[in-house]
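Chemist: So that we are looking at the same thing, I have put the structure below in structure tokens.
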Amino acid sequence: MGKILFLLFLIKFSYAEEAQKCAWDNCHATDPDPNVITAHLIPHTHDDLGWIKTVDQYFWGAKPELVPVGVQYIYNTVVEELMKNPERRFSFAETGFLWRWWTTTTDKNREKFKYLIQTGQIEMIGGGWVQNDEATSHYVDILDQMTLGLYRLSHTFGKCGKPVTGWQIDPFGHSREMANIYAQMNYTSLYFARIHYLEKEVRLKNKTLEFNWKASDDIESEIFTGAFFNDNYGPPEGFCWDSLCGDDPIMDNEELEEYNVKEKVDDFVAHVKKQAAHQATNQVMLLMGSDFQYTNANSWYVNLDKLIKYVNADESEKVKVIYSTPACYTQAVKRRSPKLSTKADDFFPYASGKHSYWTGYFTSRPAFKGMIRQASSMLQLAKQLEALADLNPSINSPVTRLKEACGLVQHHDAVTGTAKENVTRDYEKQLARGISGLENVINDYMDKLHPHALKSNLILCPLLNETICQPISNSDEFAVVIFNSHARYYNFTVRIPYKHESAVVKNSKKEVIKSQVAETFKVAQLNSTDQLPYEIHAFVSIPPLGYSTVFVSKGERKVRKVRKNPSGNTTITNEHLIATFDNRGYLTSLQNRKTGLLKSIRQEFFFYEGIDSKDDQPSGAYIFRPKSQQPIAFDSKIELEVVKGSVTNEVRQKINPYVSQIVRLPKNKNYVEFEWIVGPIPKEFKNPVTKEFVTRYTTEINSKSVSYTDSNGRQVMKRYFDGATSFDYDDTEPVAGNYYPITSFGYIKDDKNQFSVITDRAQGMMANEGVVEIMLHRRCFYDDHFGVEEALDEPGKDGRGLVAKGKHIVLFTDLEESAAQLRPLVAENFHQPVLAFYNNSNLEKFEFNRQLESPERIHEFPPWLNFLTIEMLENRVDGKNNVLLRFEHIYHNDSAKAAKYAVPQILDLDNLFKSFKLDFLEKMTLGGNKKLLETGKNRFIRKKGNVYELHPSEILTLMYVPNDF
Ligand SMILES: *[C@@H]1O[C@H](CO)[C@@H](O)[C@H](O)[C@H]1NC(C)=O
Ligand SMILES: *[C@@H]1O[C@H](CO)[C@@H](O)[C@H](O)[C@H]1NC(C)=O
Ligand SMILES: *[C@@H]1O[C@H](CO)[C@@H](O)[C@H](O)[C@H]1NC(C)=O
Ligand SMILES: *[C@@H]1O[C@H](CO)[C@@H](O)[C@H](O)[C@H]1NC(C)=O
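Right, here's the structure in full:
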């Protein structure tokens, strides 16, 4: 009877939103006496979505021989223990696990969980799908994985499912942009554990572990930030009561042996006082839990209950203990109004010791990092097509699966390259599955658009980067539909594999377009039999948020032979630039054709040898630690091939059996592309030597010791060689300590020129005195002792070692041009076009009743404006779908010349969109889960209708709510 009543109560409860008391409304009282320290016990678990085991092995508890934990049991037992005692609290972070549990557990458990959230016993913190990495995650990926988690949370739990606490406790360094994103999502605080050991020393001494992080100069956002007292996110020594720990329980029966209450209370009080001595207030946060803890929540709570009881019983100690959550702790601190210092830089690079610089992972697993970037660009297309055609999203839709896969790999042991090899394979499998779903989305979209045409049967080729595309490998004729997810024209050269040495390429209007066939660049590194012998380079123009079709057929003209090993200097040229290579094959200069100005530039490859296991800190998946501070040069003469023509102008360099490169001047562009191919990195049979390959650009820019790197692809951070802003730099690792993460770009400049590199994946960069060095690939044969217990020795496809291919775009102009062009170029480079192939000789049937070029939906966006998100959100009960829209002002006020572009702009949506009617628009915070209150600080002034004002670097988030729901 009681049970039934209780269940009824639960069901009733979950509907009354006003009656809900979220964690932050239901905090236990702290002690009002300023002389009493309040210790906040924060029961929590840190559950990696893959690391030593795969995400699903962790969830189920499979492979106990690797780690004896299962996340499903954590949810089960925590819920059970919380239901026993309303005083108890728990904080859950990563929602990727929550939904796995949610869909596999019982109705009763779901109701209980809802009840616990809506009574404030559970606080949802963080709230993203994963706890994303902050060095290697791109901001689009961060927003996507946060949105995925947050939308489901608020959809399922209402107002208590809208987290207010930023929770990044494990990532290996912290970015300013991440703090900015949390601030824009209306979080009230941000917590983490890992900061540079020297900054930690200063903050402990200064009592500034907690501070206000000034997270953006342009937006003036700020977030209350706390670095933990311990170097980790676990409990004080002696108070770990998980089945994974070895600490004694509290044994409180004096009649029995082992009675230890006094000893435990004394130790606890001593710790609290020690910690309080380093905090700005008399509030102390204690993290009661750690990696995969609480598989048996009973052993934790039994002891925490007793700890609270016995410490509070002794008033003389002046310590009060309460169950708490991060939001309650934050409230308690803020209520005491401590004077907080501010910080405006970031926490990169992170070092846990003199020789432990966590700068290797910026580059670790380069092919996986490249695949992730490619997938996130594809996800943007998938979301757009779904929203444009209203394909009806559901939990099982291919777009949702791609979202989940892209979210998953942002985990701080995934994109970082710091999971075991087998776990990384699992990530790649899930990502590949997600990507293949894009094919369904594309075909569904085309079918919906062309109900009277032949069913669209377009096929994607994931290995175009290696000139492989099976479906067309035997075709003379085929069509390629090219999709552009950018809201600007894509006027660019696409490369299409082909079996013949001559081709005719026509556009949607059947006009012959500029194209050129070139022999495929054959290198021993990538010698697949599937590789096609030729590549068509065709100059296309794809409308914004649209597609366009090109038709390939056999031509007459023979391909122009590549010129091999020319003697003397070699030059290539396009409409803007002349690139000169010396007689050894190295690039030496770039000349601007318009101004005639000649700039000296050298590009070379080098490698570092990494420290091995004879030292206690080897170079490994996380850590970069070279043996010598000077990298080793390849001084061999380069084997050259030169391809010139009306579309293609490139120099192909074979440097040695494991490094080659194409240096290219793309048609109509004023930048240079460096397409590098590195690997397999050689491995000696006995005592193999770790090797880390870098590319170096040497210029005459007088950059001194200053350089600039992006923060998750958005803000720019000023970097000092051998220097830090928040502490006294100690030069213990002259190279590794000067590496910084770049997710999209980095640059150096002087008072005339700027040299910028745009990447296609996350990498590590170091710069000093005109030289920019970027690490491309690494193969480490020893574990670096941070838990993976496996060497970063990627076998690649055939076991010889991984080969990675990627691209740098180098923009080397005066300051003015760089200020104007760099940001738009970065945005364009993120939105890679997607080529879908139609391989059927009956092209006429394909064309019948089909628009070969997409309907014009929007006017081309101006360069300052990025259409960041169009995303349909899952299932409303009325079957209609909300659509999330984000618009980004891409310029930042980050240099004197930028000031011209970093100005407020008017966004008039009704004038940009042609075929949409954008009525019911709701202004949201960046996460899309909270309405943006019309406060004085809210700067998205709505002038009238759908007209907004956007300031530099601002992102406007709107929710389109069809009909009044
Ligand atoms: C620590 O205190 C010193 C001296 O007041 C100050 O110069 C420094 O900026 C502080 N640093 C931090 C990180 O709090
Ligand atoms: C990786 O997975 C494969 C296939 O399941 C298995 O045979 C192999 O033992 C695993 N390797 C490690 C190091 O766990
Ligand atoms: C791109 O191509 C379109 C159509 O061919 C043209 O209208 C537009 O001006 C071009 N944009 C640039 C930047 O070249
Ligand atoms: C080509 O792209 C695929 C898919 O992203 C990736 O798995 C592969 O590693 C890439 N090849 C090279 C040589 O980088």
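For the sequence shown, the positions run -16 to -1, 1 to 949 when mature numbering (1 follows the signal peptide of the UniProt record, and there is no 0) is used.
Every residue, glycine too, gets a C-beta built ideally from N, C-alpha and C.
Computed from a prediction, not measured in an experiment: that's the story for all the values here.
Please specify which runs of the beta strand (DSSP E), each continuous and at least 3 residues long, are wholly inside the segment 265 to 349, giving them in chain order.
Modeler: Segments of the beta strand (DSSP E) lying fully in the segment 265 to 349: 267 to 272, 303 to 307, 335 to 337.
Chemist: Using a threshold of 7 Å, is the CB atom of R160 nearer than that to any non-hydrogen atom of ligand 1?
Modeler: No - ligand 1 has no heavy atom lying nearer than 7 Å to the Cβ of R160.
Chemist: Does ligand 2 have a heavy atom nearer than 7 Å to the CB of N406?
Modeler: Yes, since a heavy atom of ligand 2 falls inside the 7 Å radius drawn around the Cβ of N406.
Chemist: What span of residues does the alpha helix (DSSP H) with D694 cover, start to end?
Modeler: Not the alpha helix (DSSP H): D694 falls in the beta strand (DSSP E), residues 690 to 695.
Chemist: Kindly indicate the opening and closing residues of the alpha helix (DSSP H) around F770.
Modeler: Element bounds for F770: n/a, residue is neither H nor E.
Chemist: Among the candidates P219, S336, L82, whose CA atom is the shortest distance from the CA of H180?
Modeler: Considering only alpha carbons, the answer is S336.
Chemist: Answer yes or no: the CB of E450 versus the heavy atoms of ligand 4, is any distance below 7 Å?
Modeler: Within the cutoff, so yes.
Chemist: Keeping to the same chain, check which residues put their C-beta closer than 8 Å to that of K667; ignore five residues upstream and five downstream.
Modeler: If we look at K667 and ignore the five residues flanking it on each side, its Cβ neighbours are R763, F765, D777, G785.
Chemist: Name, in chain order, the residues that DSSP records as bridge partners for K548.
Modeler: Per DSSP, E625.
Chemist: Please state whether DSSP places G421 in a helix, a strand or coil.
Modeler: Reduced to three states, the DSSP call for G421 is helix.
Chemist: For T326, collect the residues of the same chain with a Cβ closer than 7 Å to its Cβ; drop the 5 residues on either side in sequence, then sort them by chain order.
Modeler: Same-chain partners within the cutoff: F195, N196, K198.
Chemist: Would you report the Cα separation of G790 and S440, rounded to the nearest angstrom?
Modeler: Straight-line Cα distance between these residues: approximately 31 Å.
Chemist: Provide the residue span of the alpha helix (DSSP H) that contains S138, from first to last.
Modeler: Here the alpha helix (DSSP H) through S138 covers 123 to 141.
Chemist: Using C-beta distances below 8 Å, list every residue in its chain close to T555, excluding the 5 sequence neighbours before and after it, in chain order.
Modeler: So the list reads I562, A563, T564, F565, once near-sequence residues are dropped.
Chemist: Could you pull the start and end residues of the beta strand (DSSP E) that T209 belongs to?
Modeler: First-last of the beta strand (DSSP E) with T209: 206 to 211.
Chemist: On the three-pair Cβ rule with 8 Å, is the segment 479 to 487 touching the segment 529 to 549?
Modeler: Output reads yes: the segment 529 to 549 touches the segment 479 to 487.
Chemist: From Y243, I58, E2, pick the residue whose C-alpha is nearest to that of T29; which is it?
Modeler: Of the listed residues, the one whose Cα sits closest to T29 is I58.
Chemist: Taking the straight line between their C-alpha atoms, what separation do you get for L624 and D712?
Modeler: When rounded, the distance between both Cα atoms is 47 Å.
Chemist: Is it the case that the CB of Q637 approaches a heavy atom of ligand 6 more closely than 7 Å?
Modeler: Judged by which ligands are present, ligand 6 is missing from the structure shown, whose ligands are ligand 1, ligand 2, ligand 3 and ligand 4.
Chemist: Let me know the secondary structure DSSP gives I58 once reduced to three states.
Modeler: Three-state result, I58: helix.
Chemist: Report the residue from L649, V627, Q509 whose alpha carbon sits nearest the alpha carbon of K781.
Modeler: For K781, the nearest C-alpha among the options comes from Q509.
Chemist: Would you report the Cα separation of N116 and T513, rounded to the nearest angstrom?
Modeler: Answer to the nearest angstrom: the Cα atoms are 38 Å apart.
Chemist: Should V794 and F658 be called a contact, given that it needs their Cβ atoms to be closer than 8 Å?
Modeler: Yes, the pair counts as a contact, with Cβ atoms nearer than the cut-off.
Chemist: What residue from V626, Y175, N468, I607 has the CA that sits closest to D767's CA?
Modeler: Nearest option by C-alpha distance: I607.
Chemist: Please report the distance separating the alpha-carbon of A389 from that of I356.
Modeler: Taking the straight line joining both Cα atoms gives about 9 Å.
Chemist: Which term fits residue 952, buried or exposed, when burial requires 16 or more other beta carbons within 10 angstroms of its beta carbon?
Modeler: No information on residue 952 is available, as it lies outside the stretch -16 to 949 that the chain covers here.
Chemist: With three or more beta-carbon pairs closer than 8 Å as the criterion, would you say the segment 391 to 405 touches the segment 334 to 349?
Modeler: With the cut-off at 8 Å, the segment 391 to 405 and the segment 334 to 349 touch.
Chemist: Mind listing which residues have their beta carbon within less than 5 Å of any non-hydrogen atom of ligand 3? Chain order is fine.
Modeler: That gives Y473, N475, S525.
Chemist: Can you check whether the CB of L940 is closer than 8 Å to the CB of L905?
Modeler: Not in contact: L905 and L940 (Cβ atoms no closer than 8 Å).
Chemist: So what does DSSP say about W113, is it helix, strand or coil?
Modeler: Here W113 sits in coil by DSSP.
Chemist: Could you give the residue range of the beta strand (DSSP E) that holds K638?
Modeler: 634 to 640 is the extent of the beta strand (DSSP E) around K638.
Chemist: I'd like the ranges of any beta strand (DSSP E) spanning at least 3 consecutive residues and lying wholly in the segment 714 to 778.
Modeler: Here the runs fully enclosed are 724 to 726, 729 to 733, 737 to 743, 747 to 752, 755 to 763.
Chemist: What number of angstroms, rounded off, separates the C-alpha of I452 from the C-alpha of L516?
Modeler: Their Cα atoms are separated by approximately 6 Å.
Chemist: With DSSP run on the structure shown, which of helix, strand or coil describes E194?
Modeler: E194: strand per DSSP, three-state reduction.
Chemist: Measure the alpha-carbon distance for A316 versus H12 and round it to whole angstroms.
Modeler: Taking the straight line from one Cα to the other gives about 10 Å.
Chemist: Can you tell which of R680, F176, G45 has its C-alpha closest to the C-alpha of residue 951?
Modeler: Look at the range of the chain in this structure, -16 to 949, and you will see that residue 951 is not part of it.
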